[in-house]
Amino acid sequence: MQQIQYYLTQHPTILNFRWSPTQTWFSTWSFLIPTLTAYTLVSLFLHHTLSLLLPNRHRFRLPMGPIPSLHTLLISTSSALIFTGTLLSAIAEIQDNSRWLWRQSHLRTTPLRWLLCFPPGTRPSGRVFFWSYAFYLSRLFIHLPRTFIKILRRRSVSVFHVMNQSCVLLMSYIWLEFCQSFQVLGILMLTLLYAVVYGYKFWVGVGLSRANFPLVVNCQVVLLTCNLVCHAGVILLHYFNVNKGGCNGIWAWGFNSVCNCVILMMFFKDYRKRIAKGLIDDDDPSSHYCSANDKASSGDTGFRHNSPK
0 MQQIQYYLTQ HPTILNFRWS PTQTWFSTWS FLIPTLTAYT LVSLFLHHTL
50 SLLLPNRHRF RLPMGPIPSL HTLLISTSSA LIFTGTLLSA IAEIQDNSRW
100 LWRQSHLRTT PLRWLLCFPP GTRPSGRVFF WSYAFYLSRL FIHLPRTFIK
150 ILRRRSVSVF HVMNQSCVLL MSYIWLEFCQ SFQVLGILML TLLYAVVYGY
200 KFWVGVGLSR ANFPLVVNCQ VVLLTCNLVC HAGVILLHYF NVNKGGCNGI
250 WAWGFNSVCN CVILMMFFKD YRKRIAKGLI DDDDPSSHYC SANDKASSGD
300 TGFRHNSPK
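Reminder that position 139 of the sequence shown reads as 138 in numbering that gives the first Met the number 0, one-by-one numbering, no gaps.
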(Lines of atoms letter the chains of each structure in order from A and count residues from 1; the text may use other names and numbers.)
(Lines give C-alpha, C1' and ligand atoms only; values in the text may rest on other atoms or scores of the structure.)
Protein backbone atom coordinates (compact mmCIF):
# COMPACT_ATOMS: atom_id res chain seq x y z
CA MET A 1 0.00 0.00 0.00
CA GLN A 2 2.85 2.37 0.80
CA GLN A 3 4.41 1.68 -2.59
CA ILE A 4 1.12 2.46 -4.31
CA GLN A 5 0.82 5.73 -2.39
CA TYR A 6 4.42 6.60 -3.27
CA TYR A 7 3.95 6.11 -7.01
CA LEU A 8 0.57 7.88 -7.02
CA THR A 9 1.31 10.80 -4.68
CA GLN A 10 4.96 11.07 -3.67
CA HIS A 11 6.91 10.36 -6.86
CA PRO A 12 9.15 13.32 -7.80
CA THR A 13 7.45 13.62 -11.19
CA ILE A 14 4.11 14.13 -9.44
CA LEU A 15 5.37 16.40 -6.68
CA ASN A 16 7.33 18.62 -9.09
CA PHE A 17 4.62 18.84 -11.74
CA ARG A 18 3.92 22.33 -13.05
CA TRP A 19 1.48 23.25 -15.82
CA SER A 20 3.33 25.57 -18.15
CA PRO A 21 3.20 26.20 -21.92
CA THR A 22 6.99 26.03 -21.99
CA GLN A 23 7.38 22.90 -19.84
CA THR A 24 4.28 20.76 -20.43
CA TRP A 25 3.38 18.82 -23.56
CA PHE A 26 0.14 19.77 -25.37
CA SER A 27 -0.44 22.76 -23.08
CA THR A 28 -0.87 25.61 -25.57
CA TRP A 29 -3.93 27.08 -27.26
CA SER A 30 -2.08 26.76 -30.57
CA PHE A 31 -2.16 22.98 -30.09
CA LEU A 32 -5.66 22.63 -28.65
CA ILE A 33 -7.65 24.65 -31.20
CA PRO A 34 -6.20 22.91 -34.32
CA THR A 35 -6.66 19.55 -32.59
CA LEU A 36 -10.35 20.18 -31.89
CA THR A 37 -10.84 21.47 -35.43
CA ALA A 38 -9.10 18.47 -36.99
CA TYR A 39 -11.06 16.05 -34.79
CA THR A 40 -14.38 17.56 -35.87
CA LEU A 41 -13.47 17.67 -39.57
CA VAL A 42 -12.10 14.12 -39.65
CA SER A 43 -15.20 12.82 -37.86
CA LEU A 44 -17.46 14.54 -40.38
CA PHE A 45 -15.36 13.32 -43.30
CA LEU A 46 -15.28 9.70 -42.14
CA HIS A 47 -18.97 9.58 -41.39
CA HIS A 48 -20.19 11.10 -44.63
CA THR A 49 -17.63 9.26 -46.78
CA LEU A 50 -18.62 5.88 -45.37
CA SER A 51 -22.31 6.81 -45.64
CA LEU A 52 -21.84 7.48 -49.37
CA LEU A 53 -19.81 4.34 -49.95
CA LEU A 54 -22.06 2.16 -47.82
CA PRO A 55 -25.63 3.50 -48.04
CA ASN A 56 -27.11 0.53 -46.16
CA ARG A 57 -24.92 1.31 -43.19
CA HIS A 58 -27.09 -0.31 -40.50
CA ARG A 59 -26.46 -3.77 -41.97
CA PHE A 60 -22.72 -3.32 -42.34
CA ARG A 61 -20.23 -3.59 -39.50
CA LEU A 62 -16.52 -3.29 -40.17
CA PRO A 63 -14.92 -6.28 -38.43
CA MET A 64 -12.53 -4.89 -35.82
CA GLY A 65 -12.01 -7.96 -33.69
CA PRO A 66 -11.32 -7.28 -30.02
CA ILE A 67 -10.24 -3.65 -30.57
CA PRO A 68 -13.52 -2.01 -29.38
CA SER A 69 -13.68 -4.17 -26.25
CA LEU A 70 -10.01 -3.58 -25.45
CA HIS A 71 -10.48 0.15 -25.95
CA THR A 72 -13.47 0.09 -23.60
CA LEU A 73 -11.37 -1.74 -21.01
CA LEU A 74 -8.60 0.84 -21.48
CA ILE A 75 -11.01 3.69 -20.73
CA SER A 76 -12.28 1.92 -17.61
CA THR A 77 -8.84 1.06 -16.21
CA SER A 78 -7.28 4.45 -17.00
CA SER A 79 -10.25 6.19 -15.37
CA ALA A 80 -9.89 3.99 -12.28
CA LEU A 81 -6.19 4.87 -12.11
CA ILE A 82 -6.84 8.61 -12.40
CA PHE A 83 -9.63 8.39 -9.81
CA THR A 84 -7.34 6.61 -7.35
CA GLY A 85 -4.45 8.99 -7.97
CA THR A 86 -6.65 12.07 -7.62
CA LEU A 87 -8.31 10.78 -4.44
CA LEU A 88 -5.01 9.88 -2.74
CA SER A 89 -3.43 13.15 -3.87
CA ALA A 90 -6.35 15.18 -2.53
CA ILE A 91 -6.07 13.41 0.82
CA ALA A 92 -2.33 14.05 0.87
CA GLU A 93 -2.83 17.75 0.08
CA ILE A 94 -5.43 18.09 2.84
CA GLN A 95 -3.05 16.47 5.32
CA ASP A 96 -0.23 18.77 4.22
CA ASN A 97 -1.34 21.87 6.15
CA SER A 98 1.79 23.81 5.24
CA ARG A 99 0.89 23.78 1.53
CA TRP A 100 -2.67 25.10 1.73
CA LEU A 101 -2.26 27.09 4.96
CA TRP A 102 -5.62 26.11 6.43
CA ARG A 103 -5.08 28.29 9.48
CA GLN A 104 -3.69 31.46 7.86
CA SER A 105 -6.12 34.35 8.27
CA HIS A 106 -5.78 35.62 4.69
CA LEU A 107 -6.30 32.11 3.20
CA ARG A 108 -8.54 30.60 5.85
CA THR A 109 -10.19 27.53 4.40
CA THR A 110 -11.17 23.96 5.18
CA PRO A 111 -10.75 20.73 3.24
CA LEU A 112 -14.35 20.87 1.99
CA ARG A 113 -13.99 24.51 0.95
CA TRP A 114 -10.74 23.70 -0.82
CA LEU A 115 -12.37 20.88 -2.80
CA LEU A 116 -15.03 23.30 -4.05
CA CYS A 117 -13.17 26.61 -4.03
CA PHE A 118 -9.42 27.03 -4.47
CA PRO A 119 -8.03 30.02 -2.55
CA PRO A 120 -7.11 33.03 -4.70
CA GLY A 121 -3.62 32.79 -6.14
CA THR A 122 -3.57 28.99 -6.40
CA ARG A 123 -1.12 27.82 -9.08
CA PRO A 124 -1.49 24.66 -11.20
CA SER A 125 1.37 22.67 -9.72
CA GLY A 126 1.75 19.63 -7.52
CA ARG A 127 -0.14 16.40 -6.98
CA VAL A 128 -3.76 17.12 -7.84
CA PHE A 129 -2.81 19.10 -10.92
CA PHE A 130 -0.63 16.26 -12.16
CA TRP A 131 -3.72 14.05 -12.13
CA SER A 132 -5.76 16.81 -13.71
CA TYR A 133 -3.16 16.79 -16.49
CA ALA A 134 -3.48 12.99 -16.71
CA PHE A 135 -7.24 13.41 -17.10
CA TYR A 136 -6.65 15.95 -19.90
CA LEU A 137 -4.32 13.54 -21.70
CA SER A 138 -6.83 10.70 -21.31
CA ARG A 139 -9.51 12.83 -22.96
CA LEU A 140 -7.09 13.65 -25.76
CA PHE A 141 -5.59 10.24 -26.53
CA ILE A 142 -8.10 7.71 -25.19
CA HIS A 143 -11.61 9.20 -25.36
CA LEU A 144 -11.41 11.06 -28.68
CA PRO A 145 -10.44 7.94 -30.70
CA ARG A 146 -13.65 6.29 -29.47
CA THR A 147 -15.56 8.42 -31.97
CA PHE A 148 -13.59 6.96 -34.88
CA ILE A 149 -14.10 3.42 -33.59
CA LYS A 150 -17.86 4.02 -33.45
CA ILE A 151 -17.89 5.44 -36.99
CA LEU A 152 -15.81 2.59 -38.41
CA ARG A 153 -18.10 0.05 -36.78
CA ARG A 154 -21.05 1.86 -38.41
CA ARG A 155 -22.52 2.89 -35.09
CA SER A 156 -24.70 6.01 -35.06
CA VAL A 157 -22.65 9.07 -34.11
CA SER A 158 -24.37 12.41 -33.70
CA VAL A 159 -23.04 15.91 -34.13
CA PHE A 160 -23.79 16.35 -30.45
CA HIS A 161 -21.50 13.44 -29.56
CA VAL A 162 -18.61 15.09 -31.41
CA MET A 163 -19.35 18.46 -29.82
CA ASN A 164 -19.54 16.81 -26.42
CA GLN A 165 -16.15 15.17 -26.76
CA SER A 166 -14.67 18.49 -27.86
CA CYS A 167 -16.38 20.31 -24.99
CA VAL A 168 -15.02 18.00 -22.29
CA LEU A 169 -11.52 18.19 -23.74
CA LEU A 170 -11.74 21.99 -23.78
CA MET A 171 -12.99 22.07 -20.19
CA SER A 172 -10.20 19.79 -18.97
CA TYR A 173 -7.71 22.16 -20.60
CA ILE A 174 -9.35 25.21 -19.02
CA TRP A 175 -9.24 23.54 -15.61
CA LEU A 176 -5.45 23.58 -15.81
CA GLU A 177 -4.92 26.80 -17.73
CA PHE A 178 -6.98 28.91 -15.30
CA CYS A 179 -6.53 26.71 -12.20
CA GLN A 180 -10.30 26.44 -11.93
CA SER A 181 -12.01 25.70 -8.63
CA PHE A 182 -14.10 22.51 -8.31
CA GLN A 183 -11.90 20.52 -10.70
CA VAL A 184 -10.82 17.98 -8.05
CA LEU A 185 -14.41 16.92 -7.36
CA GLY A 186 -15.19 17.12 -11.07
CA ILE A 187 -12.38 14.70 -11.92
CA LEU A 188 -13.33 12.34 -9.10
CA MET A 189 -16.97 12.19 -10.20
CA LEU A 190 -16.13 11.80 -13.88
CA THR A 191 -13.46 9.16 -13.56
CA LEU A 192 -15.56 7.11 -11.13
CA LEU A 193 -18.43 7.23 -13.60
CA TYR A 194 -16.21 6.26 -16.54
CA ALA A 195 -14.66 3.39 -14.57
CA VAL A 196 -18.10 1.98 -13.69
CA VAL A 197 -19.84 2.62 -17.02
CA TYR A 198 -17.09 1.40 -19.31
CA GLY A 199 -16.26 -1.49 -17.01
CA TYR A 200 -19.92 -2.50 -17.30
CA LYS A 201 -19.83 -2.03 -21.07
CA PHE A 202 -16.77 -4.27 -21.31
CA TRP A 203 -18.55 -6.81 -19.10
CA VAL A 204 -21.55 -6.84 -21.44
CA GLY A 205 -19.34 -6.73 -24.55
CA VAL A 206 -17.64 -10.02 -23.69
CA GLY A 207 -21.01 -11.73 -23.38
CA LEU A 208 -21.73 -11.57 -19.65
CA SER A 209 -25.17 -10.76 -18.27
CA ARG A 210 -26.64 -7.26 -18.21
CA ALA A 211 -28.00 -5.47 -15.17
CA ASN A 212 -31.74 -5.67 -14.53
CA PHE A 213 -32.00 -1.88 -14.62
CA PRO A 214 -30.58 0.87 -16.89
CA LEU A 215 -27.24 1.25 -15.11
CA VAL A 216 -25.75 3.82 -17.49
CA VAL A 217 -28.75 6.16 -17.39
CA ASN A 218 -28.94 5.95 -13.60
CA CYS A 219 -25.24 6.78 -13.34
CA GLN A 220 -25.79 9.80 -15.60
CA VAL A 221 -28.64 11.06 -13.42
CA VAL A 222 -26.57 10.67 -10.25
CA LEU A 223 -23.62 12.47 -11.84
CA LEU A 224 -25.69 15.37 -13.09
CA THR A 225 -27.42 15.75 -9.73
CA CYS A 226 -24.14 15.75 -7.78
CA ASN A 227 -22.67 18.15 -10.32
CA LEU A 228 -25.57 20.56 -9.83
CA VAL A 229 -25.24 20.45 -6.03
CA CYS A 230 -21.49 21.07 -6.18
CA HIS A 231 -21.90 24.03 -8.54
CA ALA A 232 -24.38 25.55 -6.09
CA GLY A 233 -21.76 25.11 -3.38
CA VAL A 234 -19.16 26.94 -5.47
CA ILE A 235 -21.52 29.89 -5.90
CA LEU A 236 -22.12 30.12 -2.15
CA LEU A 237 -18.43 29.90 -1.32
CA HIS A 238 -17.45 32.45 -3.95
CA TYR A 239 -19.83 35.13 -2.70
CA PHE A 240 -19.85 34.29 1.01
CA ASN A 241 -16.35 32.89 1.52
CA VAL A 242 -14.11 34.39 4.19
CA ASN A 243 -11.31 34.61 1.63
CA LYS A 244 -11.05 37.96 -0.08
CA GLY A 245 -11.31 37.53 -3.82
CA GLY A 246 -13.63 34.52 -3.82
CA CYS A 247 -12.74 31.32 -5.66
CA ASN A 248 -9.80 30.97 -8.01
CA GLY A 249 -10.61 30.62 -11.72
CA ILE A 250 -14.24 31.68 -11.31
CA TRP A 251 -14.63 32.82 -14.92
CA ALA A 252 -13.52 29.41 -16.17
CA TRP A 253 -16.00 27.89 -13.71
CA GLY A 254 -18.70 30.11 -15.25
CA PHE A 255 -18.03 28.65 -18.71
CA ASN A 256 -18.20 25.18 -17.20
CA SER A 257 -21.52 25.97 -15.50
CA VAL A 258 -23.21 27.37 -18.60
CA CYS A 259 -22.19 24.31 -20.58
CA ASN A 260 -23.50 21.91 -17.97
CA CYS A 261 -26.81 23.74 -17.57
CA VAL A 262 -27.45 23.41 -21.30
CA ILE A 263 -26.47 19.75 -21.25
CA LEU A 264 -28.66 19.09 -18.22
CA MET A 265 -31.71 20.36 -20.08
CA MET A 266 -30.81 18.37 -23.19
CA PHE A 267 -30.26 15.22 -21.14
CA PHE A 268 -33.65 15.32 -19.41
CA LYS A 269 -35.38 16.18 -22.68
CA ASP A 270 -33.78 13.15 -24.31
CA TYR A 271 -34.45 11.04 -21.21
CA ARG A 272 -38.18 11.78 -21.28
CA LYS A 273 -38.34 11.11 -25.00
CA ARG A 274 -36.60 7.77 -24.65
CA ILE A 275 -38.79 6.68 -21.73
CA ALA A 276 -41.88 7.40 -23.85
CA LYS A 277 -40.45 5.26 -26.67
CA GLY A 278 -39.15 2.50 -24.42
CA LEU A 279 -35.56 3.05 -25.55
CA ILE A 280 -33.89 3.18 -22.13
CA ASP A 281 -31.02 0.69 -22.17
CA ASP A 282 -27.29 0.47 -21.59
CA ASP A 283 -26.16 -0.50 -25.07
CA ASP A 284 -23.87 2.38 -25.85
CA PRO A 285 -22.53 4.63 -23.11
CA SER A 286 -20.33 7.40 -24.39
CA SER A 287 -19.32 10.60 -22.64
CA HIS A 288 -21.23 11.53 -19.53
CA TYR A 289 -20.13 14.86 -18.06
CA CYS A 290 -20.89 17.43 -20.65
CA SER A 291 -23.32 15.18 -22.50
CA ALA A 292 -26.66 13.59 -22.76
CA ASN A 293 -27.00 10.01 -23.87
CA ASP A 294 -26.16 9.60 -27.54
CA LYS A 295 -28.57 6.83 -28.38
CA ALA A 296 -30.45 7.30 -31.63
CA SER A 297 -33.88 8.86 -31.47
CA SER A 298 -36.29 9.84 -34.19
CA GLY A 299 -35.85 13.58 -33.71
CA ASP A 300 -32.02 13.65 -33.97
CA THR A 301 -30.23 15.45 -36.77
CA GLY A 302 -26.62 15.75 -37.85
CA PHE A 303 -24.56 12.61 -38.34
CA ARG A 304 -27.46 10.23 -37.90
CA HIS A 305 -29.90 9.39 -40.66
CA ASN A 306 -33.20 7.72 -39.84
CA SER A 307 -33.43 4.33 -41.37
CA PRO A 308 -35.74 1.35 -40.87
CA LYS A 309 -34.29 -1.31 -38.65
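Virtual Cβ for every residue (Gly too), placed ideally from N, Cα, C.
Here's the rule I'm using: 16 or more other beta-carbon atoms within 10 Å means buried, otherwise exposed. How should residue 197 be labelled? buried
What first and last residue would you give for the alpha helix (DSSP H) that runs through residue 151? 143-151
Expected contact under 8 Å - CB spacing of residue 127 and residue 79 to nearest Å: The pair is not a contact, with the Cβ atoms about 17 Å apart (cut-off 8 Å).
Quick one, are the C-beta atoms of residue 118 and residue 15 less than 9 Å apart? no
Does the beta-carbon distance from residue 65 to residue 152 come in below 9 Å? no
Please go through the same chain and pick out, in chain order, the residues whose beta-carbon is closer than 8 Å to the beta-carbon of residue 204, but skip the five residues on each side of it. 67, 68 and 71
I need the DSSP call for residue 17, collapsed to helix, strand or coil. strand
What residues match up with residue 124 in a beta bridge as DSSP calls it? 17
One question on the structure: do residue 143 and residue 164 come within less than 9 Å of each other, judged by their Cβ atoms? yes
3 or more residues per run - each beta strand (DSSP E) lying fully within the stretch 32-78: none
Nearest-angstrom Cα distance between residue 25 and residue 125? 18 Å
Assigned secondary structure, residue 232 (DSSP; H/G/I helix, E/B strand, else coil): helix
For residue 82 and residue 271, the rounded distance between their alpha carbons: 31 Å
Of the listed residues 111, 95, 185 and 10, nearest to residue 227 (C-alpha basis): 185
Output the boundary residues of the alpha helix (DSSP H) element that contains residue 4. 1-4
Given a threshold of 16 other Cβ atoms within 10 Å of its Cβ, counted over all protein chains shown, does residue 113 qualify as buried or as exposed? buried
With 16 other CB atoms within 10 Å as the buried threshold, where does residue 174 fall? buried
For residue 129, which residues in the same chain have their Cβ closer than 6 Å to its Cβ, ignoring the five residues on either side in sequence? 13 and 16
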